[in-house]
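Engineer: Supplied in structure tokens, the structure appears directly below.
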Amino acid sequence: MKKISIIIPCYNEEEAIPLFYEEINKISKDLENYEFEFIFVNDGSKDKSAIIMKKLAKKDKRVKFINFSRNFGKEAAMYAGLELCSGDFITTMDVDLQDPPSLLPEMINGITNEGYDCVATKSTSRKGYSFFRKLFTKWFYKIIGKISKTEMIPGARDYRLMTRQMVNTIINMKEYNRYSKGLFSFVGFKTKWIDFENQERVAGTTKWNFWKLFSYALDGIVGFSTAPLIISSIVGIIFCLISFIIIIFIIIRTLILGDPTSGWPSLVCIIFFVSGIQLFCIGIIGQYLSKVYLEVKGRPIYIIKETNIKEKKHE
Ligand code: UDP
Ligand code: MG
Numbered sequence: 003m004k005k006i007s008i009i010i011p012c013y014n015e016e017e018a019i020p021l022f023y024e025e026i027n028k029i030s031k032d033l034e035n036y037e038f039e040f041i042f043v044n045d046g047s048k049d050k051s052a053i054i055m056k057k058l059a060k061k062d063k064r065v066k067f068i069n070f071s072r073n074f075g076k077e078a079a080m081y082a083g084l085e086l087c088s089g090d091f092i093t094t095m096d097v098d099l100q101d102p103p104s105l106l107p108e109m110i111n112g113i114t115n116e117g118y119d120c121v122a123t124k125s126t127s128r129k130g131y132s133f134f135r136k137l138f139t140k141w142f143y144k145i146i147g148k149i150s151k152t153e154m155i156p157g158a159r160d161y162r163l164m165t166r167q168m169v170n171t172i173i174n175m176k177e178y179n180r181y182s183k184g185l186f187s188f189v190g191f192k193t194k195w196i197d198f199e200n201q202e203r204v205a206g207t208t209k210w211n212f213w214k215l216f217s218y219a220l221d222g223i224v225g226f227s228t229a230p231l232i233i234s235s236i237v238g239i240i241f242c243l244i245s246f247i248i249i250i251f252i253i254i255r256t257l258i259l260g261d262p263t264s265g266w267p268s269l270v271c272i273i274f275f276v277s278g279i280q281l282f283c284i285g286i287i288g289q290y291l292s293k294v295y296l297e298v299k300g301r302p303i304y305i306i307k308e309t310n311i312k313e314k315k316h317e
């Protein structure tokens, strides 16, 4: 019998966990030819999420929990689940039911009968998200689509069913700054896409705010493109050329008109402008440098406080 591992990152989700369990339990009954494993990853929740997970684990042997020592972020939670799961087919799902479990049978069919390695989902609308977030996301995909060689599908969710082979390749990429949407795409494999209408959260509130999203977007860009570095070099060259032209202009003007002391306001503006550009470019380099710094330190991606999972299947 094939086993399906479902990884569920949870951060302050005490209201959503029971609703999610109810739903996934229903679906698992319809899929009686498969064994299941539900891995709830408690990403340092401050509410009763951990207690609820343990209660579920007592009631249902298929429920596993991983308790982090603090909040490490959804990427770390997904990675921990991938490392510790033991299924033949593996997926991650949001606990807020925004990734509909009802798509599972179709996804399984894609792998077992249609020969895909991975069945991924993308939402066709962004219903339920704020106007600002919709706009921001749209621009992010436009930019990264242009500057990254790795394909990023707009609206792609982390909800995708993968074969053990694909998951093993992802686990072996142990980078600290993880941007899973990019990693999934980077490893390749034959992927089928399923569209669905975006669902509203069943309970609780979104864990993302503007700064979290912004730094996540930066992780995506810095992790999967070096275009900003090239752009900053090009800007540097353009400014060299402009200053060269201005120097010639000033020399000629001085030769013709003499040297009247004027032009201080414009000079100050130019200094401000150019030094702004310089700082901006140093900032870009700094972004890459900070990522390198974090990678080199080799700190763990997550720290487990307690879990009921006995051993890692994958080494
Ligand atoms: N999540 C997490 N750690 C975090 C933030 C979020 O494990 O630091 C989980 C969260 O509990 C949920 C999933 O990641 O299961 C997606 O989060 P959310 O629904 O807030 O994101 P959105 O749907 O708004 O993109
Ligand atoms: Mg959500």
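FYI, our numbering numbers position 100 of the sequence shown as 102, with every residue one higher than the one before it.
The C-beta atom is built at its ideal place from N, Cα and C for all residues, glycine as well.
No experiment lies behind these values; they were computed from the predicted model shown.
Between Asp96, Lys299 and Lys61, which has its C-alpha nearest cysteine 12's C-alpha?
Structural biologist: Asp96
Engineer: Checking the sheet assignment: what are the DSSP bridge partners for phenylalanine 191?
Structural biologist: Answer is none; phenylalanine 191 lacks a bridge partner.
Engineer: Pull up the distance between the alpha-carbon of phenylalanine 40 and that of glutamate 297, whole angstroms please.
Structural biologist: Roughly 30 angstroms separates the two Cα atoms.
Engineer: According to DSSP, is isoleucine 68 helix, strand or coil?
Structural biologist: Here isoleucine 68 sits in strand by DSSP.
Engineer: By how many angstroms is the C-alpha of tryptophan 266 removed from the C-alpha of threonine 256?
Structural biologist: 16 angstroms
Engineer: Would the stretch 88-106 and the stretch 159-179 be scored as touching if the rule is three or more Cβ pairs under 8 angstroms?
Structural biologist: yes
Engineer: Using a Cβ-Cβ cutoff of less than 7 angstroms, which residues in the same chain neighbour glutamate 16 once the five nearest sequence positions on both sides are dropped?
Structural biologist: Exclusion of the five residues before and after glutamate 16 leaves Asp49, Lys50, Ser51 and Ile54 as the residues of its chain whose Cβ lies within less than 7 angstroms of its Cβ.
Engineer: What runs of the alpha helix (DSSP H), each 4 residues or longer, lie entirely inside the stretch 145-221?
Structural biologist: 166-173 and 182-189
Engineer: Would DSSP call proline 11 helix, strand or coil?
Structural biologist: strand
Engineer: So within the stretch 55-137, which uninterrupted beta strand (DSSP E) runs reach at least 3 residues, ignoring any that extend past its ends?
Structural biologist: 65-70, 91-94 and 120-125
Engineer: Going by CA-CA distance only, name the one from Gly300, Ile305 and Lys61 that's closest to asparagine 73.
Structural biologist: Ranking the options by Cα distance to asparagine 73, first place goes to Ile305.
Engineer: Could you check if arginine 203 belongs to the surroundings of the ligand MG, using beta carbon to heavy atom distance under 8 angstroms?
Structural biologist: Yes; taking the cut-off as 8 angstroms, the Cβ of arginine 203 has a heavy atom of the ligand MG nearer than that.
Engineer: Do you know how far the Cα of leucine 163 is from the Cα of asparagine 111?
Structural biologist: Rounded to whole angstroms, the separation of the alpha carbons of leucine 163 and asparagine 111 is 10 angstroms.
Engineer: Using only Cβ atoms and a threshold of 5 angstroms, which residues come within that distance of a heavy atom of the ligand MG? Order them by chain position.
Structural biologist: Any residue whose Cβ sits closer than 5 angstroms to a heavy atom of the ligand MG makes the list: Asp96, Asp98 and Gln100.
Engineer: Within 10 angstroms of its Cβ, does lysine 302 collect 16 or more other Cβ (buried), or is it exposed?
Structural biologist: First, the residue type needs correcting, since residue 302 is proline and not lysine in the sequence shown. Result: exposed.
Engineer: Between phenylalanine 25 and isoleucine 311, what straight-line distance do the alpha-carbon atoms span, to the nearest angstrom?
Structural biologist: Note on identity: in this sequence residue 25 is glutamate, with phenylalanine being the wrong assignment. Straight-line Cα distance between these residues: approximately 23 angstroms.
Engineer: Quick one: is the Cβ of glycine 157 within less than 8 angstroms of any heavy atom of the ligand UDP?
Structural biologist: no
Engineer: Give me, in chain order, the residues of the same chain whose beta-carbon lies closer than 6 angstroms to that of serine 30; leave out the 5 immediate sequence neighbours on both sides.
Structural biologist: Closer than 6 angstroms at the Cβ level, and outside the excluded window around serine 30, lie Phe38.
Engineer: Strictly by DSSP, which residues pair up with lysine 307?
Structural biologist: DSSP, once it has assigned bridges, lists no residue as partnering lysine 307.
Engineer: Would you identify the three-state DSSP class for glutamate 297, choosing helix, strand or coil?
Structural biologist: helix
Engineer: So glutamate 25 is in the alpha helix (DSSP H); what residue range does that whole segment cover?
Structural biologist: 18-32
Engineer: Tell me whether lysine 140 sits in a helix, a strand or coil according to DSSP, three-state version.
Structural biologist: In the structure shown, lysine 140 sits in a helix (DSSP, three-state: H, G or I).
Engineer: With a threshold of 8 angstroms, are at least 3 pairs of Cβ atoms found where one atom belongs to the stretch 282-297 and the other to the stretch 218-226?
Structural biologist: yes
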